[in-house]
Amino acid sequence: MADIRPQAVAGTWYPAREGELAAAVDEYVASAAAFAAGPVGTRCPRAIIAPHAGLRYSGPVAAYAYALAGGCPYTAVVLVGPSHFVGFRGVSIWPRGAWETPFGAMPIAESLAAAIASDPLVTEHPAAHGREHSLEMQMPFLGRLLRDTPIVPLVMGYQDRETAVGLGDTLARVVGARPGENILLVASSDLSHYEDAATAADLDAVVIRHVAALDADALMSALEDDPRHACGGGPIVAVLRASALLGCTRAEVLRYGDSGDVSGDERSVVGYMAAAIW
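Going by the working numbering, the first residue of the sequence shown is number 1, and it counts up by one from there.
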């Protein structure tokens, strides 16, 4: 695979010009900063959950998670998102090189990536990253707030229990074997899609409840019963499970909203959640 992953949705889903993008990210983070400065923000989270829609829609919610993580002394960021366009089994890793962003290239944490890729569940499948926006939509915040922190991008294919649980176990094993490093886990997911706002809120409340309880197994069961709850439910399960295995005991949903908050149209919305885990 090519070492440099080019931007796929810059200029459409978020501004392609560095100055314009910086201004947008700074505005969203400033709006969330007062919350992040409170008791919940007294220490850096082990993991966050953030949405991945177009920046003007999901950015105001995602900023609540990144306002906590931004500026923390992380040595690497592991991102897990869903595959929207390519169906496959397992998890696709981008193992080397860098990802282009308007803020410059974000380098890959290659040693960490190699350790994660030692799991047969994790393979190189370049097509899964080509058009995929779920991880790219985290780059505006990472590039602005954690510019020099290397990343490990992971895209999950079919979000079955075996894959979500298996990846969670692998992340816990690999991160736990690196006690001298401070690695942030990021799950990228929107919640329900194209329901009316009231129905969306009911569906999304299930995810919110299980995330707040740090209950990966209950969330996985809910997704198996009704996958409408979240497009990236598997990545959330993997990060919740890894966090719990790494000793985390507390999760908090920082912000919830939907696309109607921006568009004004509540007839068909997409739900967004920001959360953090300690």
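Here a beta-carbon is modelled for each residue, glycine too, at the ideal position from N, C-alpha and C. Given the structure is predicted, the values throughout are model-derived calculations rather than measurements.
Rounded separation between residue i and residue j - CA only
| i | j | result |
| --- | --- | --- |
| Glu18 | Pro140 | 9 Å |
| Gly41 | Arg250 | A caution first: Gly41 carries a pLDDT of 49, below 50, which makes its placement in the model unreliable, though a value can still be read off. Gly41 and Arg250: Cα-Cα distance of roughly 13 Å. |
| Ala10 | Ala105 | 14 Å |
| Ala109 | Glu136 | 16 Å |
| Ser259 | Ala172 | 33 Å |
| Leu184 | Arg5 | 21 Å |
| Thr123 | Ile93 | 6 Å |
| Cys44 | Ser243 | 13 Å |
| Gly232 | Leu167 | 14 Å |
| Ala53 | Glu27 | 17 Å |
| Glu132 | Gly180 | 32 Å |
| Arg96 | Tyr256 | 34 Å |
| Asp160 | Leu219 | 12 Å |
| Gly130 | Ser83 | 10 Å |
| Val237 | Val25 | 27 Å |
| Pro107 | Arg209 | 35 Å |
| Val253 | Trp278 | 12 Å |
| Pro39 | Asp202 | At Pro39, the pLDDT of 48 sits below 50, so the modelled position is not reliable; the number obtained from the coordinates is stated separately. For Pro39 and Asp202, the distance between alpha carbons rounds to 29 Å. |
| Gly176 | Ala115 | 12 Å |
| Pro153 | Ala127 | 13 Å |
| Cys248 | Tyr66 | 19 Å |
Exposure of residue i, with buried meaning 16 or more beta-carbon neighbours within 10 Å
| i | result |
| --- | --- |
| Ala113 | buried |
| Thr12 | exposed |
| Val239 | buried |
| Ala212 | exposed |
| Gly271 | buried |
| Ala34 | exposed |
| Ala23 | exposed |
| Asp3 | exposed |
| Ser189 | buried |
| Gly59 | buried |
| Ala63 | buried |
| Ser284 | Here the chain has residues from 1 to 278 only, and residue 284 is not among them. |
| Ala230 | buried |
| Ser111 | exposed |
Proximity winner among the options, relative to residue i (alpha-carbon distances)
| i | options | result |
| --- | --- | --- |
| Val165 | Asn182, Glu20, Leu184 and Asp215 | Asp215 |
| Ala274 | Gly143, Ile49 and Asp148 | Ile49 |
| Thr101 | Ala33, Cys248, Leu145 and Asp169 | Leu145 |
| Cys72 | Asp148, His129 and Leu121 | Asp148 |
| Val155 | Ala69, Gly271, Val253 and Val80 | Val80 |
| Ala69 | Val206, Ser221 and Asn182 | Asn182 |
| Tyr158 | Val91, Ala76, Ala276 and Leu254 | Val91 |
| Ser134 | Tyr66, Leu245, Ala177 and Pro235 | Pro235 |
| Ser119 | Glu162, Val61 and Gly143 | In the sequence under discussion, the amino acid at residue 119 is Asp, which differs from the Ser named in the question. Of the candidates Glu162, Val61 and Gly143, the one whose C-alpha sits nearest the C-alpha of Asp119 is Glu162. |
| Ala98 | Ile151, Tyr14 and Leu246 | Ile151 |
| Trp103 | Ala30, Glu20, Val61 and Leu121 | Inspection of the sequence shows that residue 103 is occupied by Phe rather than by Trp. When only C-alpha atoms are compared, the closest one is Glu20. |
| Tyr74 | Ala47, Leu55, Tyr64 and Val61 | Ala47 |
| Ala117 | Ala16, Ser31 and Val174 | Val174 |
| Arg56 | Ala30, Tyr14 and Val186 | Tyr14 |
| Leu142 | Arg178, Val29, Ala8 and Val269 | Val29 |
Using 8 Å as the Cβ pair cut-off and three pairs as the minimum, do the region 83-102 and the region 218-228 touch? no
Should the region 195-212 be regarded as contacting the region 258-267, the criterion being three or more beta carbon pairs within less than 8 Å? yes
Extract the residue ranges of the beta strand (DSSP E) inside the region 221-264, only unbroken runs of 3 or more that lie entirely within it. 251-258
Restricting to runs no shorter than 4 residues, where is the alpha helix (DSSP H) found entirely within the region 128-195? 139-145 and 161-176
What are the start and end residues of each continuous beta strand (DSSP E) run of 3 or more residues lying completely inside the region 35-81, in chain order? 47-50
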